[in-house]
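These notes are about the structure you will find just below.
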Amino acid sequence: TSAAPTTGFGGGFGATATSTAPTTGLFGAAAQPTKSFGGFGAAPIPSTATNTGGIGSFGQAKPLFGQPAPGAFGQPLQPSMFGAQPQQPQKPQQPTNTWQQLACLRAGWDPSSKLCNFNHFFYNSVSPNQVHLYMKPADVPDEAWVEAQRLNPDPTCMVPVRAVGFQDLLKRINNQDEQSNMHKAKTEELKQRYERVQHEFELKTVSRVEEYRRRHIYQTQRLIQFLRLVQMLRYKGADLTSEEEQLKNSLEKLASEQLNRSPDSLETKIGKLWMSLNQIKQQESQDNGLHDQYKWQLSDETSRARVAEALSDEQTAINHVVNLLHKDMNDLTSLEAKLKLNSNKS
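Note that the sequence shown covers residues 1 to 346 in full-length UniProt numbering.
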């Protein structure tokens with residue numbers, strides 16, 4: 001059947017287009033040939049394709065992914081105006097399942113899924129006697145568990161623990177914070193105990209140590225005295241050796257000399273020496289013709305101070321010698337008495 005030509009906007013701006021292929025219109029009616037406007041007087045391209053796809057806009061077929069979309073009323077788009085080169089048609093691509101990609105993406109972020117990308121094995125330190133009690137969890141793949149066992153730094157006291165997602169990681173961080181706080185509290189407690197023990201040591205132990213040291217010195221002295229008495233009793237009545245005889249004779253000689261020499265004789269000798277010194281000074285003053293300046297009655301304060309200092313030093317030395325002599329005499333008297341006692345007992 002022939003149809004009257006109609007005008008439309010499928011072409012480009014005023015060109016006349018004719019359709020020679022019969023197409024099916026809406027509700028099964030036959031489509032009439034149409035006239036369309038071409039681009040600036042260009043001849044229209046006849047449409048020879050038959051619409052066999054789904055219903056698009058105005059009964060057109062839906063374009064597949066990657067194919068050029070048709071123009072209005074089922075005609076394909078024409079080359080662009082102003083003499084531009086038409087674009088090359090792209091190769092048809094395989095349709096992708098968007099829902100499957102979204103499901104994989106969701107599973108990668110879901111901690112309850114086996115496909116979660118956020119999983120890692122940590123290692124907990126346990127007692128070596130309890131290592132065999134930790135078995136593979138049911139939700140852990142065998143390959144991952146074998147790999148975790150292979151990378152275990154110390155299989156004798158460490159076991160792998162799987163953490164999936166940020167919640168497990170947060171739990172592990174919280175547990176470590178709790179353990180750290182416990183260690184800090186224990187450290188503070190030990191520090192307080194150490195300070196208390198140190199304080200008690202300074203108050204009690206140091207004084208006790210000093211007391212025990214004093215007792216030890218006292219006991220040592222008593223032990224030495226006891227050993228001396230034991231040694232005397234052990235060699236009581238035994239003959240003296242040659243060295244002991246020589247020592248005895250030397251001590252007896254020294255004791256006799258000290259007994260025969262009294263302190264009065266020493267003072268008399270010192271007085272004689274002092275008189276001799278005065279005579280020498282007087283003789284020197286007479287020889288120099290300065291007897292009035294260097295007589296015994298010195299008028300210079302400095303000279304008198306020097307003489308007094310010299311006399312004081314000599315007097316101190318004399319007293320020291322006298323004390324030594326008295327001490328030696330006492331020692332000799334005691335030694336002589338003991339020797340006489342030993343000789344009487346023998």
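Even for Gly, the Cβ is constructed at its ideal location relative to N, Cα and C.
Since this is a predicted model, take the numbers as computed values, not measurements.
Item: Based on DSSP bridge pairs, tell me the residues matched to R162.; Value: F121
Item: Hey, could you find the ends of the alpha helix (DSSP H) V140 is sitting in?; Value: Unbroken run through V140: none, as it is neither H nor E.
Item: Determine contact between the stretch 119-133 and the stretch 144-157, defined as no fewer than three beta-carbon pairs at a distance below 8 Å.; Value: yes
Item: Tell me which residue opens and which closes the alpha helix (DSSP H) that E210 is part of.; Value: V206 to R234
Item: Need the endpoints of the alpha helix (DSSP H) that G108 sits in, please.; Value: T98 to W109
Item: State the Cα-Cα distance for the pair S250 and K338, rounded to the nearest angstrom.; Value: 16 Å
Item: Where L325 and H199 are concerned, what is the direct C-alpha to C-alpha distance, given to the nearest angstrom?; Value: 54 Å
Item: Could you tell me how far apart the beta carbons of A238 and L332 are, in whole angstroms, since I believe they sit closer than 8 Å?; Value: In fact, because the Cβ distance is near 23 Å, the residues do not count as touching under 8 Å.
Item: Can you give the Cα-Cα distance for N175 and K191, rounded to whole angstroms?; Value: 24 Å
Item: Looking at N119: is its Cβ nearer than 8 Å to the Cβ of R162?; Value: yes
Item: In angstroms, rounded to a whole number, what distance separates the CA positions of M135 and K186?; Value: 32 Å
Item: Spatial neighbours of T268 within its chain, please: CB distance less than 6 Å, with the 5 preceding and 5 following residues excluded, ordered by chain position.; Value: none
Item: Expressed to the nearest angstrom, what Euclidean distance is found between the alpha-carbon atoms of L240 and I280?; Value: 54 Å
Item: On the CB-based measure, 16 or more other CB atoms within 10 Å of its CB, does K327 come out buried or exposed?; Value: exposed
Item: Please look up how many angstroms separate the CB atoms of F121 and A138, rounded, as I've assumed it's under 8 Å.; Value: Actually they do not touch by this definition, with Cβ atoms about 16 Å apart.
Item: Suppose you measure from the CA of M275 to the CA of Q283; what does that come to, to the nearest Å?; Value: 12 Å
Item: Quick one: Cα of D110 to Cα of Q101, how far?; Value: 14 Å
Item: Counting C-beta neighbours from all protein chains within 10 Å, is the total for T24 16 or more, i.e. buried, or is it exposed?; Value: Annotation note: pLDDT 42 at T24 (below 50); position unreliable, coordinate value reported separately. Flag for T24 reads exposed.
Item: For K171, name the three-state secondary structure that DSSP assigns.; Value: helix
Item: For T156, name the three-state secondary structure that DSSP assigns.; Value: coil
Item: Quick check on DSSP: helix, strand or coil for S334?; Value: helix
Item: What would DSSP say about K114, mapped onto helix, strand or coil?; Value: coil
Item: With the cut-off set at 8 Å, would you say Y123 and P153 are in Cβ contact?; Value: yes
Item: Tell me the DSSP secondary structure of G271 in three-state form.; Value: helix
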